[in-house]
Ligand code: BES
Ligand code: MN
Ligand code: ZN
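In my numbering, the protein residues as written are 72 to 558.
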């Protein structure tokens with residue numbers, strides 16, 4: 072997709088479809104020289120998520136699409152993201168080769184101003200046009216080739232460029248998520264990480280193989296991988312900012328390229344969805360994809376433990392005891408609680424080798440988080456008020472909602488009561504499955520500021536949101552992380 076940004080000049084560039092936004096009850100303001108039939112203006116209500124297409128009666132736009140934003144007071148960046156997605160879908164349906172968005176200062180003023188609105192429109196327009204077609208032998212061809220944003224000022228221009236980078240990173244994440252388990256193994260995931268690093272002199276990539284993991288004492292990661300013929304990989308990406316770094320942040324992502332459950336085998340129904348169990352790692356790689364284009368003032372580390380979880384003669388058995396990189400012994404009661412195991416070793420590695428100021432991990436860790444928060448909010452477990460505030464604000468800005476959850480000491484007590492230092496699940500079960508997962512992980516971060524994000528509910532199967540949702544990965548986490556790193 073070709074993107075361009077132009078200022079609003081007297082002469083509108085020729086376009087197959089011109090998009091104009093307007094609030095409920097407001098008359099759409101068309102650019103100089105463009106007119107539409109009176110009937111179109113009469114039909115258009117401005118109600119959110121509605122649109123009215125018409126041929127232009129005057130001017131260089133072949134078609135004009137009026138898109139509603141809803142009630143003035145309720146309009147925000149998310150409104151524009153969704154409205155722009157509706158517009159590119161309409162442009163594609165009408166087989167247009169190009170679409171032009173007209174965002175004058177008054178329109179930008181309906182939400183956060185030119186920077187925020189340009190970003191939201193670019194994001195929504197691009198994300199809304201996404202279709203996963205890497206699985207098709209001959210993908211259906213698509214009409215839309217270019218998106219143009221018309222708006223004034225350097226803030227608008229910067230916002231648009233940022234929106235394009237974030238949208239493309241989101242699509243990168245979704246493509247990784249949607250690949251099948253045999254199409255994206257830990258080795259292939261590591262290749263993707265290497266090619267991200269090749270794109271930018273600011274990013275380096277190191278991949279630790281199973282021999283390296285043995286030397287480091289990563290018994291938990293190796294224990295999960297033992298039942299698979301695919302070798303595990305530990306990916307370590309490093310981004311160094313141009314100027315002086317404002318601090319060091321580590322992003323850790325669960326990279327289970329397929330989770331069959333291991334010897335604690337999952338039921339067959341729906342098991343194919345466990346291709347998405349690498350969504351945390353996809354979010355981290357997507358954030359680095361965005362870092363190839365954006366300037367972020369922090370040193371950022373991306374650490375991805377990647378493995379399959381399969382049943383086999385050599386697989387870890389329920390009751391087996393393995394030792395983490397920091398010496399903690401863990402009794403594996405349920406081999407299907409594997410995410411916390413591979414993350415535990417990745418967190419040990421992060422704390423001892425990277426020594427960051429802050430760690431954020433993202434993982435499709437528990438089905439239980441869906442009981443707690445459903446599919447529209449990710450659970451966050453921040454260890455500080457400032458991290459909680461920053462992540463809530465980042466979620467608000469990008470439309471990826473998060474909600475804070477507590478960790479209670481009773482979970483750790485329960486998991487410490489067995490023959491090893493820890494058990495990987497609570498026995499007896501005490502409910503609160505997502506909290507149990509977070510509590511387990513906390514044993515491996517020491518006193519580093521940290522937030523675990525359980526994205527099992529939000530990584531796929533979300534409700535329709537015009538620019539994402541429905542079947543397939545949502546790319547959740549990537550834009551959230553970049554928004555967090557940018558302010
Ligand atoms: N990858 C799953 C979590 C999951 C389940 C994500 C369903 C999305 C939908 C994870 O590895 C897992 O199997 N967790 C278990 C933990 C249990 C054994 C304590 C779960 O949630 O059932
Ligand atoms: Mn599992
Ligand atoms: Zn899993």
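Each residue gets a CB set at the ideal place from its N, CA and C atoms; glycine is no exception.
Around the C-beta of residue 205, fewer than 16 other C-beta atoms lie within 10 Å, and the residue is accordingly described as exposed. Within the region 148 to 233, the complete beta strand (DSSP E) segments at least 3 residues long are 169 to 173 and 217 to 221, listed from N- to C-terminus. Cβ-Cβ distances below 6 Å link residue 256 to 301 and 328 in the same chain, with the five nearest sequence neighbours on each side left out; the list follows chain order.
Between the beta-carbon of residue 141 and that of residue 119 there is about 3 Å, and that keeps the pair under the 8 Å contact cut. At least one heavy atom of ligand 2 lies closer than 6 Å to the C-beta of residue 409.
Judged by DSSP secondary structure, residue 479 falls outside any alpha helix (DSSP H); it is assigned neither H nor E. Looking from the CA of residue 170, the closest CA among 180, 159 and 179 belongs to 159. Counting C-beta atoms within 10 angstroms of its own C-beta, residue 345 has 16 or more neighbours from the protein chains shown and is therefore classed as buried. Collapsing the DSSP output to three states places residue 515 in coil. Straight-line spacing of the CA atoms in residue 429 and residue 100 works out to 47 Å. Between the alpha carbons of residue 144 and residue 114 lies a distance of about 22 Å. Only residues of its own chain outside the window of five on either side were considered, and among them 102, 173, 175, 221, 222 and 223 have a CB closer than 8 Å to the CB of residue 79, listed in chain order.
By the criterion of a C-beta distance shorter than 7 Å, residue 96 is surrounded in its chain by 117, once the five residues flanking it on both sides are discounted. Short note on residue 330: C-beta closer than 6 Å to some heavy atom of ligand 3. A Cβ-Cβ separation of about 26 Å leaves residue 427 out of contact with residue 479 under the 8 Å criterion. In the DSSP assignment, residue 372 forms a beta bridge with 309 and 321.
Relative to the non-hydrogen atoms of ligand 3, the Cβ of residue 260 never comes closer than 6 Å to any of them.
When 307, 391, 162 and 541 are compared, the shortest CA-CA separation from residue 137 is found for 162.
Proximity to residue 452 across 439, 506 and 500 peaks at 506, based on C-alpha coordinates. A distance criterion of 6 Å places the beta-carbon of residue 438 in contact range of ligand 1, judged by its closest non-hydrogen atom.
In this structure, the C-beta of residue 291 stays at least 6 Å away from each heavy atom of ligand 3.
In the structure shown, the three-state DSSP call for residue 471 is coil.
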